[in-house]
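Residue numbers (the working numbering): 35 to 154.
Below you can see the structure in the form of structure tokens.
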């Protein structure tokens, strides 16, 4: 399964590399940013930014947004795991106590001279 996953990732990367290579002029095409409150028209023309910068910026923003939106779920899951681990420890200690009590009862119930399985 790990080998198939690596092969799949490799194929996907090759396909993306081919798409970028075949459309290099689209990725390197630059156009001016027309944002009036950042670059007023009195200060001169706005800088030319290539499309690949826009793609990388929006990909990064999406990644950051997804990460930030996932943080509350991560913290809640961590809290749940801690509570469940504590419950497991409690139940294991109770089980050990019950087993010790059960071993003590079975030892006391056996006749002092009789072997286990003997018919009296």
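Beta carbons are placed, not taken as given, at the ideal position from N, Cα and C, and that holds for glycine.
Given the structure is predicted, the values throughout are model-derived calculations rather than measurements.
8 Å CB neighbourhood of residue i in its chain, flanking five on each side removed
i, result
"residue 68", "80"
Neighbourhood of residue i by C-beta distance below 6 Å, restricted to the same chain and skipping five residues each side
i, result
"residue 122", "none"
"residue 141", "none"
Close-in-space but distant-in-sequence residues of the same chain around residue i (CB under 7 Å, 5 per side omitted)
i, result
"residue 169", "Here the chain has residues from 35 to 154 only, and residue 169 is not among them."
"residue 64", "82, 83, 84"
Among the options, nearest to residue i - alpha-carbon criterion
i, options, result
"residue 66", "118, 44, 53, 82", "82"
Rounded Cβ spacing between residue i and residue j (contact assumed at less than 8 Å)
i, j, result
"residue 61", "residue 52", "Incorrect: roughly 13 Å between the Cβ atoms, too far for contact."
Residue i classed as buried or exposed, judged by whether at least 16 other C-beta atoms fall within 10 angstroms
i, result
"residue 154", "With a pLDDT of 46 at residue 154, under the threshold of 50, the predicted position of this residue should be treated as unreliable, and no value is reported."
Short CB-CB distance (under 8 Å) between residue i and chain D
i, result
"residue 64", "The structure shown contains no chain D; it holds only a single protein chain."
Residue i CB to nearest heavy atom of the ligand ZN below 7 Å
i, result
"residue 79", "No copy of the ligand ZN occurs in the structure displayed, which carries no ligand at all."
Self-check item: Given 8 Å, three or more beta-carbon pairs between the region 110 to 119 and the region 81 to 88
Solution: no
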